[in-house]
């Protein structure tokens, strides 16, 4: 069986995703695979349910610029070059699936919260990514109720 | 970050789980981790909703014996020794979580079907395992709509 060739790491750019990133990096290295990284910005229109007011449009630009710089910084810390950084707008699950398909990834790595705290919200991204994925999916356990020494 | 130390491969003993097993084996080898294997037999009482008729009790014994021999054979093919083979009765998600907790696994590897055919049924095991897991979970894509050459 062939090893993974292209690994897509999906990050929310919080402090917790460092653990997820290190798992992804280890597996990519062990498999001699390309490591890509994606961050999905959920458009304000999804939250506002329609047209974005003028003043929110500039907020969205700011969010994009900030995310771009955070993503570049984070990617650099795990040696992912610029042409393997993907910054996109949309629904996380759909965009992660789209990039995984288009760029022929064979493994997607996401953070997964347990059942506590933000679990219901964030756990659903991992579930959403798992559901309907055409790739393998590695859900890396993160969250305030998780101790890395466990 | 430390590598995985104990990897638990959950199998349904169908032909498809060979692909899942090979992924688990690769990761365990790369991480110098112990590879364990679990097969969960769902008791007939879960299907029959209560007491098992006398004649089904012997059927259950047969199922157990058959599963034990299939598991041993499968485990041998991927070099998992007898003391790392777990054959249990119960609900797959609960039993996989229990063994993962008790034996301090840090990665569970399961097969995951896509959205077609048996997906709704079998996909839910992967979802169930993901949900509430205290370990990382690798869902390996399998199923009739999946071509390994994709």
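Residue numbers (the working numbering), protein chains in the order written: chain Y, 10 to 159; chain S, 10 to 159. All C-beta atoms, glycine included, are put in the ideal place defined by N, C-alpha and C. Here the structure is a predicted model, which means the values were calculated and not measured.
So, is residue 37 (chain Y) buried or exposed, given that buried needs 16 or more other C-beta atoms within 10 angstroms? The residue you call residue 37 (chain Y) lines up with position 28 of the first chain. By the 10 Å Cβ count, residue 37 (chain Y) comes out buried.
Less than 8 Å separating the beta-carbons of residue 164 (chain Y) and residue 39 (chain Y)? Nothing can be reported for residue 164 (chain Y): it is not among the residues displayed for chain Y, which extend from 10 to 159.
Would you mind telling me which residues of chain S sit closer than 8 Å to residue 12 (chain Y), beta carbon to beta carbon, in chain order? Reading the first chain from its first residue, position 3 is the one you call residue 12 (chain Y). Under a criterion of Cβ atoms nearer than 8 Å, the residues of chain S adjacent to residue 12 (chain Y) are, in order, 35.
At a cut of 8 Å, does the segment 100-109 of chain Y reach the segment 137-145 of chain Y through at least three beta carbon pairs? yes
Give the DSSP-derived three-state secondary structure of residue 138 (chain S) in the structure shown. If you number the second chain from 1, residue 138 (chain S) lands on position 129. In the structure shown, residue 138 (chain S) sits in a helix (DSSP, three-state: H, G or I).
So which residues on chain Y does residue 150 (chain S) lean against when the C-beta distance must stay under 9 Å? The residue labelled residue 150 (chain S) in the question sits at position 141 within the second chain. Going along chain Y in sequence order, the residues near residue 150 (chain S) (Cβ under 9 Å) are 115, 142, 143, 144, 145 and 146.
Supposed contact pair residue 48 (chain Y) and residue 96 (chain Y) - C-beta distance, whole angstroms, cut 8 Å: Start at 1 with the first residue of the first chain, and residue 96 (chain Y) comes out as number 87. Start at 1 with the first residue of the first chain, and residue 48 (chain Y) comes out as number 39. The Cβ separation is near 6 Å, so the contact holds.
Quick check on the DSSP output: the beta strand (DSSP E) that includes residue 150 (chain Y) runs from which residue to which? For this step, residue 150 (chain Y) is matched to residue 141 along the first chain. Residues 145-151.
Can you find a CB in chain Y that lies within less than 8 Å of the CB of residue 126 (chain S)? The count along the second chain starts at 1 and reaches residue 126 (chain S) at position 117. Note that residue 126 (chain S) scores a pLDDT of 34, beneath 50, so its modelled location is shaky; the value from the coordinates is reported in the next line. No, its Cβ sits nowhere closer than 8 Å to a Cβ of chain Y.
What residues are listed by DSSP as bridge partners for residue 118 (chain Y)? Mapped onto the first chain, residue 118 (chain Y) falls at position 109. Answer is Y:18 and Y:147.
Does any residue of chain S bring its CB to less than 8 Å from the CB of residue 129 (chain Y)? One-based indexing of the first chain puts residue 129 (chain Y) at position 120. Bear in mind that the predicted position of residue 129 (chain Y) carries a pLDDT of just 39, short of 50, making it unreliable; the figure below should be weighed with that in mind. Contact with chain S is absent for residue 129 (chain Y), since none of that chain's Cβ atoms lies less than 8 Å from the residue's Cβ.
Out of Y:65, Y:50 and Y:11, which has the shortest C-alpha to C-alpha gap to residue 19 (chain Y)? Translated into positions along the first chain, residue 19 (chain Y) becomes position 10. Across the set Y:65, Y:50 and Y:11, the C-alpha of Y:50 shows the shortest separation from the C-alpha of residue 19 (chain Y).
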